[in-house]
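K.L.:
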Amino acid sequence: MISPRIEIHYCTQCRWLLRAGWTAQELLTTFGDTLGEVALVPKVGGIFAIYVEGDLVFDRKTEGRFPEMKEVKQLVRNKIAPDMKLGHSDSSVKSQTAVAVKTEETEENSCPNV
Numbered sequence: 000m001i002s003p004r005i006e007i008h009y010c011t012q013c014r015w016l017l018r019a020g021w022t023a024q025e026l027l028t029t030f031g032d033t034l035g036e037v038a039l040v041p042k043v044g045g046i047f048a049i050y051v052e053g054d055l056v057f058d059r060k061t062e063g064r065f066p067e068m069k070e071v072k073q074l075v076r077n078k079i080a081p082d083m084k085l086g087h088s089d090s091s092v093k094s095q096t097a098v099a100v101k102t103e104e105t106e107e108n109s110c111p112n113v
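Under numbering that gives the first Met the number 0, think of the first position of the sequence shown as 0, with each following residue one higher.
(1) Any contact of the stretch 54-64 with the stretch 16-24, i.e. 3+ C-beta pairs under 8 Å?
(2) Do G35 and E3 have their beta-carbon atoms positioned less than 8 Å apart in this structure?
(3) Who pairs with L26 in a beta bridge, going by DSSP?
(4) Rounded to the nearest angstrom, what separates D54 and R14 at their Cα positions?
(5) To which residues does DSSP link D54 through a beta bridge?
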């Protein structure tokens with residue numbers, strides 16, 4: 000794939016331009032000359048979606064949340080440069096279950112009345 004195009008669709012009504020711009024900046028910094036273009040596409044209706052070469056890789060409405068930046072980098076990398084190393088962004092995202100268990104353990108162990 001030569002000079003891939005990334006589109007970040009964002010909702011102007013929700014004022015998500017800064018989030019879209021930050022995402023674009025992070026992708027340009029990470030992938031540099033590997034990218035041909037990163038386009039910010041204003042929309043309405045709560046849209047925040049990322050497309051690589053026309054393929055949807057993340058949609059806020061479908062996922063019910065905004066993406067973590069390392070997740071965005073991994074999704075883009077998987078499409079345009081699967082062999083590229085992302086350093087610390089290659090580590091897996093902690094699951095909510097693991098975080099909840101750790102929180103319960105910490106709370107149990109930190110009780111002064113035990």
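We treat Cβ as the ideally placed atom computed from N, Cα and C, and that holds for glycine.
P.N.:
For this structure:
(1) no
(2) Position check: residue 3 holds Pro in this sequence, whereas Glu was assumed. Yes.
(3) Paired residues: none, contrary to the question.
(4) 24 Å
(5) V51
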